[in-house]
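Residue numbers (my numbering): 23 to 121.
The beta carbon of each residue, even a glycine, is placed where N, CA and C say it ideally should be.
For clarity, every value in this text was computed on a predicted model and none was experimentally measured.
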């Protein structure tokens, strides 16, 4: 199943490429932020924000309450454990960023 997982932007790794590091359940992934990049503020304004991540892209911003509800539902159905395990397996490659 393909799903988007909530994560929190913890840093900006490449402003020119619109890449940031997102913490998803303790796994930090380089993520493309182009779809959620603000047009009226610097990319750094996303640090601390929650986003919905799917295949390396932040697809939308989430408020913290919505992020927690989504994480709780994913835990309940067991999807988050499977997704996090897959991310941990590729964590080294993910932190190097897209090729």
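Return the first residue and the last residue of the alpha helix (DSSP H) that residue i is part of.
i, result
"residue 95", "86 to 99"
Should residue i go down as buried or exposed, given a rule of 16 or more other Cβ atoms within 10 Å for buried?
i, result
"residue 94", "exposed"
"residue 105", "buried"
"residue 70", "exposed"
"residue 56", "exposed"
"residue 28", "buried"
"residue 25", "exposed"
Over the uninterrupted beta strand (DSSP E) stretch that includes residue i, give me the two end residues.
i, result
"residue 71", "From DSSP, residue 71 is part of no beta strand (DSSP E); its letter is neither H nor E."
Taking residue i as the reference, which of the options has the closest Cα?
i, options, result
"residue 60", "54, 68 and 53", "68"
"residue 176", "54, 46, 86 and 83", "There is simply no residue 176 to check, as the chain begins at 23 and stops at 121 in what is shown."
Under three-state DSSP, which class holds residue i?
i, result
"residue 41", "strand"
"residue 80", "strand"
Per DSSP, what are the beta-bridge partners of residue i in this structure?
i, result
"residue 53", "42"
"residue 29", "73"
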